[in-house]
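One structure is given below, encoded as structure tokens.
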Amino acid sequence: MLEFDTEDDLEKRAKVYSNEGPKLFPNAEILLTIRTGPTSAMSVSVYPDEVMAEEALTRRDKHFKTAEIQPREAWYLEGKVVQRHIK
């Protein structure tokens, strides 16, 4: 979950992630961002295995530290995908 200071910050950050996300996280099977409020979003990333997910965490942390637009708050959950349907 990500919370930004303004709607504009969220819009700009989402646009950057839409362009850069697939290059930053090439092993992700799914990169999905859902806007949950005017200044908040939920991001879901799915990886084929735990090793690739851990590698992505390192890359994500480095990317966030250097990003021009920073979220005011960010928290993360990890878990196993138990249902997946993509039409």
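If you're matching positions, the sequence shown starts at -11 in our numbering and goes up one per residue.
Backbone N, C-alpha and C define an ideal beta-carbon position, used for all residues, glycine too.
Bear in mind the structure is a predicted one, so any value in this text is a computation, not a measurement.
- Around the beta carbon of Phe52, fewer than 16 other beta carbons sit within 10 angstroms, so the residue counts as exposed.
- Nearest Cα to Asp(-4) within the set Leu19, Pro26, Glu66, Pro10: Pro26.
- For Thr46, the enclosing alpha helix (DSSP H) covers residues 38 to 54.
- Here the segment 59 to 71 does not lie against the segment 8 to 15, with fewer than 3 beta-carbon pairs under 8 Å apart.
- As the crow flies, the alpha-carbon of Glu61 is around 14 Å from that of Asp49.
- For Ala44, the closest of Met30, Phe(-8), Asn15 by C-alpha to C-alpha distance is Asn15.
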